[in-house]
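Protein chains in written order, with this note's numbering: chain A, 392 to 632; chain B, 392 to 632; chain C, 392 to 632; chain D, 392 to 632; chain E, 392 to 632; chain F, 392 to 632.
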């Protein structure tokens with residue numbers, strides 16, 4: 392009766408319902424609304440036929456990401472970062488993570504001297520916005536690559552693999568998968584895991600919120616994460632048809 | 392055969408399809424997705440049981456607004472204002488307009504010493520984002536007021552009237568209603584009109600983009616605007632059901 | 392006995408004394424001190440033989456404006472925007488209005504690939520600083536154009552018309568012209584009107600400060616504005632000799 | 392025939408014509424336009440019945456200064472600091488100097504727990520803006536003190552002395568007084584001297600622009616400065632009647 | 392002959408020489424210069440008898456950290472963050488990590504309503520600045536706690552454990568401990584591990600720089616990290632002696 | 392028995408112990424730790440084979456300086472300027488002074504089209520950080536020049552002279568040399584003097600902190616400064632060996 396320990400009544404190894412909606416807005420080369428339960432993130436991919444200054448003339452492209460939360464995506468309204476005049480440390484940490492995760496599965500030389508800019512904007516938040524962002528951003532990136540292939544800008548896909556992300560944690564002593572906001576606020580350990588479709592690790596970020604965690608707990612969390620990411624990869628592939 | 396002059400094939404006095412979806416996100420006291428054709432804006436209303444410093448102890452409340460566009464809500468990606476570290480002049484101009492429009496139809500003393508913060512975030516843009524924002528924001532504000540009434544925070548609605556907004560312009564010599572992006576980019580005059588449900592003017596902002604305009608053209612535009620706003624008021628009421 | 396309703400004792404259709412002093416400072420190509428009663432604004436026009444990046448190579452020039460108030464131009468000292476590190480929304484709104492108004496009466500292709508930068512700095516404020524700014528800025532712009540003609544940089548004036556601006560409002564139920572600070576603080580409606588010498592509208596910005604206003608009031612205000620602007624055009628021409 | 396060496400044709404120990412106009416603008420408690428030849432600075436003094444946080448409850452007042460140049464006060468237009476979003480190092484250096492100079496001649500305890508904010512805004516620049524600022528700011532400060540005395544806020548003047556400032560330099564090997572812009576741009580040494588009416592030094596800031604300077608040159612410059620400041624003190628007293 | 396693969400000629404499980412110098416500067420309550428080989432970081436702990444606003448009246452204290460690099464601590468000069476006007480995303484990421492790591496081993500209620508501010512400033516960088524920072528910051532924090540105990544501000548140490556950090560990576564296919572700059576620039580995987588003296592994990596942050604990494608590699612890296620941290624704990628204790 | 396008046400027990404004309412340590416960090420072309428008693432400043436010189444935009448193509452180089460204090464270099468912690476998002480007026484004033492002082496003794500044309508960036512970072516402060524910075528920066532600059540000579544980038548040294556700086560003041564009525572923090576906080580006059588090895592003045596900045604000062608006091612202070620700087624020049628030469 393494992394599910395009783397979770398406020399969400401989910402089994403310990405159970406994801407929230409996942410939904411991946413492509414072509415959500417009309418202008419972007421890739422536009423995906425991803426839902427992990429009540430967490431909804433709009434991920435767009437924009438192609439720009441330029442590279443940043445530090446890459447000019449190096450024969451390679453670039454993929455980068457920005458992240459934001461709508462002010463009332465959360466339970467109590469957050470200040471608008473544009474009005475405050477700067478992005479928080481948390482925002483920068485997350486957008487750096489998204490960017491690294493996507494660059495891990497793309498061959499930047501094959502992309503050619505162009506950039507793909509990923510924007511992940513949280514419409515509604517209920518925990519796990521960074522993992523939903525990475526999972527949705529991969530699909531938006533895939534659509535932007537298809538756009539480039541279809542328009543003859545590149546002749547071969549630079550994607551080497553797929554990528555998805557999930558959170559795991561220790562909640563009331565038990566490792567659980569895909570924490571929602573209530574679980575996240577009350578867990579002992581919180582770990583975000585980014586893995587490729589082939590099963591390699593791209594990023595692991597684990598934090599002891601309360602007590603330090605032991606090697607056993609970490610192994611259990613990584614097992615759960617691998618299990619969850621396999622399902623996300625299936626959802627991504629289903630969405631991409 | 393007036394409709395032939397418009398790229399959108401609409402009649403000169405024809406609005407785009409309007410859709411007003413309440414309860415679009417779950418956290419805000421008012422949350423409305425408003426669509427004017429392909430222009431989609433998420434308007435949320437957040438209640439805060441405080442007032443800004445300049446109103447403390449004055450026995451009245453406050454309504455204010457912020458506006459933003461998702462970076463790829465537009466045809467080519469715009470810089471994210473949070474990353475650039477400041478809001479553009481255009482953004483500030485629009486959010487000041489939204490705030491004034493809503494304050495025109497609310498009795499701030501009856502609201503009591505609390506604030507309602509309106510956030511208008513453009514998910515997809517195709518012209519008329521400020522008029523859609525005002526039209527949707529009124530519904531979100533109404534829902535936030537209902538929340539306050541239902542929770543016994545106030546005993547009487549401070550709303551004195553409803554408010555909506557529409558753009559009008561002179562396109563190829565002819566006054567037209569509710570310009571979309573293509574029409575807006577190529578019109579001679581662009582005017583945004585904000586009116587109450589009772590038919591009074593709250594704001595008129597007209598700009599000659601090309602040639603200066605004459606009094607006759609302005610009268611024709613104001614007639615169109617009044618016509619369009621009557622329909623928007625009907626849509627608002629229908630949504631509020 | 393209409394004048395009794397105005398604190399300024401002026402007739403409803405009466406401007407404050409207008410003074411336009413050219414060559415007020417020695418460095419600028421155009422330098423005009425404009426006075427609308429106790430509102431004094433220094434308007435300078437600076438020629439720059441470059442255009443902003445977005446216009447490079449397009450065979451046209453640019454006219455833009457910046458606006459500022461000296462900290463103690465007002466009754467109580469305002470924070471210095473340079474010290475606060477940003478311009479307020481009001482400042483940006485006004486400088487955008489000034490720039491659009493001037494661009495409406497100049498042929499940017501005939502100006503050639505150069506910029507004219509208008510600076511409007513309020514030395515003393517008593518209401519109507521934006522309308523005084525536009526009215527004075529036109530004269531400064533004219534002087535800068537004369538400078539270019541005299542120096543053989545251009546052979547033909549790019550000015551298509553003249554431009555001036557005035558405020559109108561509804562004060563205690565009566566439409567009045569050219570509101571000073573006391574009248575402006577207590578009026579129901581405030582409208583700024585920008586018109587050309589030939590009588591076309593360039594900008595109309597009307598705001599209901601208290602009650603919404605009706606079509607009749609607007610028509611009366613526009614009549615007053617046209618009357619006032621005709622007199623301002625005469626003053627501009629007199630100053631330009 | 393000393394005067395031949397100066398582009399301005401002035402004798403080496405000759406000031407530019409000095410003019411001090413009180414009550415230049417109507418809102419400020421002290422408002423002075425000071426002219427050192429073609430250098431024109433508007434100095435206002437604003438009384439604020441508060442002190443900054445670090446002085447609260449300490450039984451003393453505060454005098455501080457801000458400085459700015461209108462963008463086209465100079466030969467070629469400078470960027471507007473409010474638009475750039477920060478004050479330059481030069482601006483901050485000058486406003487700190489003005490503030491220290493004024494605090495040197497006022498008894499802050501006698502001023503009581505209130506602030507006097509000095510604003511020095513350069514309308515037209517031709518060298519020596521900081522010395523003109525200090526010289527004019529003293530008169531504006533004096534008027535603000537008179538305002539406080541007249542209104543019964545203080546019963547005794549906190550002014551201990553008067554203060555004025557002048558520049559001296561070595562131009563083509565010869566010490567000269569009160570450099571204008573052309574002389575300043577081409578001098579070897581530039582020194583700003585602030586002295587009280589009683590003849591004490593408040594600030595000395597000397598910089599070798601080209602070759603280092605010797606003790607003899609410095610002594611000659613200080614003699615010139617003392618001579619110039621005596622005349623400025625006379626002008627200040629004349630203006631104050 | 393494992394050591395041959397490392398440019399540093401160290402064995403795969405060998406730390407660089409570690410040095411921990413207490414009382415390095417005279418003002419701070421804790422001041423530690425920590426050296427991991429050529430990486431030198433000055434860690435200071437400053438006691439402030441206040442807590443941030445969000446903790447006022449909650450009966451607990453706070454520990455937070457800031458991080459910076461001197462502009463020429465690195466091979467080529469970096470821009471000074473104070474001059475650029477903002478901290479980079481990397482800087483914020485690191486200082487948030489340091490703060491979380493220290494808060495993991497302190498009982499904030501026992502600390503009482505006061506803050507300890509940790510500053511980690513990199514004097515010379517050669518890889519591993521964040522792990523050296525955490526390792527040195529613990530010692531500085533310990534000294535600040537001793538200061539509070541000695542001065543009778545607290546009667547019992549709030550420290551629950553000690554904490555240290557080390558990097559591990561996969562270099563040319565082999566897991567190695569404590570990467571220096573050359574190794575870090577060329578490794579496949581980079582992982583920072585923060586552990587307590589009792590052996591629990593506080594933070595794990597692993598990134599695949601090139602190829603994704605497998606579970607086996609991760610296990611090997613964690614073994615190395617635990618081995619390295621045991622030695623760092625010994626060095627910390629020796630320094631605190 | 393002059394020394395009794397100084398809290399430091401030094402004779403009025405006595406410097407604090409001076410130490411100049413070259414090659415303090417390993418990356419910079421010049422790296423000097425300078426100590427004036429308990430004031431410790433790290434001065435680095437970084438060569439950059441570029442010049443700022445305003446000097447491009449002018450056949451000359453540039454020397455500039457930045458200054459910073461570690462947050463806990465002082466008795467109570469100061470806010471980190473990078474976190475606050477701007478450099479204080481004091482910081483900018485000091486770094487401008489350092490830059491001017493160094494440019495006074497270098498032939499920028501002989502330097503060629505390259506820049507030398509000086510960074511002065513205060514590790515521990517006890518008064519006189521700006522004078523220690525200039526004194527140490529000269530040695531770092533000398534080392535950077537030697538680096539350029541050794542690497543054949545220039546064939547002749549562009550250094551025309553050496554430069555050093557010291558503070559003098561009037562403490563309890565007596566002129567004293569090289570004020571430490573306690574003396575500085577309580578002195579009547581504070582003067583910073585920058586002189587070349589040949590004995591010329593580069594900068595003099597004197598401020599009356601309490602009472603205005605007289606010509607005699609200034610002469611006495613300048614004598615002390617010249618005496619102190621001669622000793623600093625000897626220390627610089629000894630260090631450069």
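Beta carbons are placed, not taken as given, at the ideal position from N, Cα and C, and that holds for glycine.
Check: Between the CA atoms of residue 547 of chain E and residue 425 of chain B - distance to the nearest angstrom; Outcome: 59 Å
Check: Closest Cα partner of residue 496 of chain A within the set E/439, E/621, E/602; Outcome: E/602
Check: Residue 482 of chain E versus F/488, F/471, F/482, F/478, residue with shortest Cα-Cα distance; Outcome: F/471
Check: Any chain F beta carbon closer than 8 Å to residue 394 of chain E; Outcome: Because residue 394 of chain E sits at a pLDDT of 46, beneath the cut-off of 50, its placement in the model cannot be relied upon, and the following sentence gives the value as read from the coordinates. Cβ-Cβ to chain F under 8 Å: no for residue 394 of chain E.
Check: Contact the segment 555 to 571 of chain D vs the segment 580 to 590 of chain D: 3+ CB pairs below 8 Å; Outcome: yes
Check: Contact residues within the segment 513 to 540 of chain B, judged by C-beta distance below 7 Å to chain A; Outcome: 514, 515
Check: Residues that residue 465 of chain A contacts on chain B, provided the C-beta gap is smaller than 7 Å; Outcome: 418
Check: Bounding residues of the beta strand (DSSP E) (the contiguous stretch that carries residue 431 of chain E); Outcome: 430 to 439
Check: Interface partners of residue 630 of chain E on chain A, CB under 8 Å; Outcome: Within 8 Å Cβ-Cβ: nothing; residue 630 of chain E doesn't reach chain A, min ~22 Å.
Check: Cross-chain neighbours of residue 437 of chain C in chain D, by beta carbon under 7 Å; Outcome: 463, 468
Check: Cβ neighbour criterion (16 or more within 10 Å) applied to residue 443 of chain E; Outcome: exposed
Check: Interface positions of the segment 470 to 489 of chain E facing chain F (Cβ-Cβ less than 7 Å), listed along the chain; Outcome: 471, 472, 473, 474, 476, 477, 478
Check: Residues within the segment 595 to 626 of chain A neighbouring chain E, beta-carbon criterion of under 8 Å; Outcome: 595, 596, 597, 598, 599, 602, 603, 604, 605, 606, 609, 613
Check: Sequence ranges, beta strand (DSSP E) only - wholly within the segment 480 to 547 of chain B, length at least 3; Outcome: 506 to 515
Check: Listed by chain order, chain F residues near residue 570 of chain E by CB distance under 7 Å; Outcome: Ordered by position in chain F, no residue passes the 7 Å Cβ test against residue 570 of chain E, which lies about 18 Å from the chain.
Check: DSSP three-state assignment for residue 469 of chain F, whether helix, strand or coil; Outcome: coil
Check: At least three beta-carbon pairs within less than 8 Å, the segment 406 to 420 of chain A to the segment 618 to 626 of chain A; Outcome: yes
Check: Straight-line Cα distance separating residue 477 of chain B from residue 577 of chain B; Outcome: 29 Å
Check: C-beta atoms of residue 484 of chain F and residue 600 of chain D nearer than 8 Å; Outcome: no
Check: 8 Å contact criterion, which residue 431 of chain F and residue 563 of chain F should meet: CB distance rounded; Outcome: About 27 Å; that fails the 8 Å criterion.
Check: Proximal chain E residues relative to residue 587 of chain A, where beta-carbon distance stays under 8 Å; Outcome: 603
Check: Exposed unless 16 or more other CB atoms sit within 10 angstroms - verdict on residue 467 of chain D; Outcome: exposed
Check: The segment 500 to 512 of chain E in contact with the segment 408 to 418 of chain E per 3-pair CB rule at 8 Å; Outcome: no
Check: Cα-Cα separation between residue 525 of chain B and residue 486 of chain A, rounded to whole angstroms; Outcome: 31 Å
Check: Nearest residue (CA-CA) to residue 554 of chain A, options A/421, A/417, A/586, A/509; Outcome: A/586
Check: Same chain, Cβ closer than 6 Å to residue 494 of chain F, neighbours up to 5 away in sequence not counted; Outcome: 454
Check: Bridge partner(s) assigned by DSSP for residue 635 of chain E; Outcome: An answer regarding residue 635 of chain E cannot be provided, because it is not within the stretch 392 to 632 covered by chain E.
Check: Contact set between residue 444 of chain D and chain F, taken where Cβ atoms lie within less than 8 Å; Outcome: Those do not exist, as residue 444 of chain D stays about 14 Å from chain F at its closest Cβ, beyond 8 Å.
Check: Listed by chain order, chain D residues near residue 433 of chain C by CB distance under 8 Å; Outcome: 461, 514
Check: Beta-carbon contacts of residue 544 of chain E that lie in its chain and below 6 Å, excluding the five residues immediately before and after; Outcome: none
Check: Chain E residues whose Cβ lies nearer than 7 Å to that of residue 593 of chain A; Outcome: 599, 603
Check: Per DSSP, cross-strand counterpart(s) of residue 599 of chain E; Outcome: E/580
Check: Same chain, Cβ closer than 6 Å to residue 616 of chain D, neighbours up to 5 away in sequence not counted; Outcome: 557, 559, 584
Check: Interface flag, residue 456 of chain A vs chain E, CB-CB below 8 Å; Outcome: no
Check: Distance CB(residue 518 of chain D)-CB(residue 568 of chain D) smaller than 8 Å; Outcome: no
Check: Supposed contact pair residue 457 of chain E and residue 498 of chain E - C-beta distance, whole angstroms, cut 8 Å; Outcome: Contact flag wrong, Cβ pair sits at about 23 Å.
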